[in-house]
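One structure is given below, encoded as structure tokens.
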Amino acid sequence: MDLDRTSVRHQNILIVQAAPLIRLGLESLVAETEKLSSYKVISVATLVEASEKLSYMEKDDIIILDSTDWNLLNSSKYAALYGRMKSHGISVGVIGAVHRVHRNGELTYDVAGLVAAEAELQHITAMIEDLAVCKKHVSESMPVNRFAEDFLLTKREAEILELMAEGLSNKEIALRLQVYEGTVKSHVSKIFKKLNCHQRAHAIVAFIQNSR
């Protein structure tokens, strides 16, 4: 099914999911939800397949994807596509890893909705319904990440550590957060001190092990 571009336009939900059974399940979930009956649904396996469809999406449309594809969407490869999504006001819902898009109960990187990968169907449905009325949603089933609290990291330090764990350099983190590279270096030094680490790799390992 193609995205609806008729003069009497229905809203669209684009599902990006590599696993065929999960993709089919999400399609069925939306189709069977009365509050989403006005939406046209299309599902694809990859962002590459989704690129043309995303280009035609408009304000109040919704895209549902996992955290892996969300990180790809934030990479330089998809910078133009991501820019169009932001300018068009498309709502993004993520199903997946908590630490990549969620910190201390707050959503990041323009994510409007978030549920855990193991979330029950009603939580996924609730997220999509909230996105349909332009309401942000963090599922009550989301586990709380205590890492930052345990190690007394500030919100900014936790944010930088998560980006480090994604493989970004100090320069890339500075560009992402729109701050000076020197500011990032200062935060990294404080992170090392609080985690009692002397190397970037050690800090990342500590973060990953304690964020599961």
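When you read off a place in the sequence shown, starting at 1, and then add 240, the result is the number in my numbering. Beta carbons: idealized from backbone N, C-alpha and C, even for Gly. Predicted model only: the values in this text are computed from it and were never measured.
The stretch 429-438 and the stretch 386-395 touch, with no fewer than 3 CB-CB distances between them shorter than 8 Å.
The C-alpha of Ile335 is placed about 9 Å away from the C-alpha of Thr308. Beta-bridge partners assigned by DSSP to Ser283: Ile255. Taken through DSSP and simplified to helix, strand or coil, Ile302 comes out as strand.
For the set Leu261, Ile303, Pro260, Val284, the Cα lying nearest the Cα of Gln251 is the one of Ile303. Looking from the CA of Val428, the closest CA among Ser409, Gln418, Tyr318, Arg416 belongs to Ser409. A direct Cα-Cα distance of roughly 17 Å separates Val445 from Lys430. Going by beta carbons, Ser295 and Arg263 fall outside the 7 Å limit.
In the three-state reduction of the DSSP assignment, Ser307 falls in the helix class. Within the model, the alpha-carbon separation for Glu421 versus Ile413 is close to 8 Å.
Residue pairing by DSSP leaves Leu313 without any beta bridge partner. Restricting attention to Leu305, Ser278, His442, Val424, the CA atom closest to the CA of Gly353 is found in Leu305. Per DSSP, Val355 is not a residue of any alpha helix (DSSP H); the beta strand (DSSP E) it occupies stretches across 353-355. Of the residues assessed, Gln257 falls on the buried side of the cut-off, its CB having 16 or more other CB atoms within 10 angstroms.
Beta-bridge analysis with DSSP links Val334 to Leu305, Leu354. Look at Val428 here: in three-state DSSP terms it is helix. The continuous alpha helix (DSSP H) containing Gly265 extends over residues 260-271. Per DSSP, the beta bridge partners of His377 are Gly353.
When the alpha-carbon of Val373 is set against those of Met325, Gly265, Gly333, the nearest one is in Gly333.
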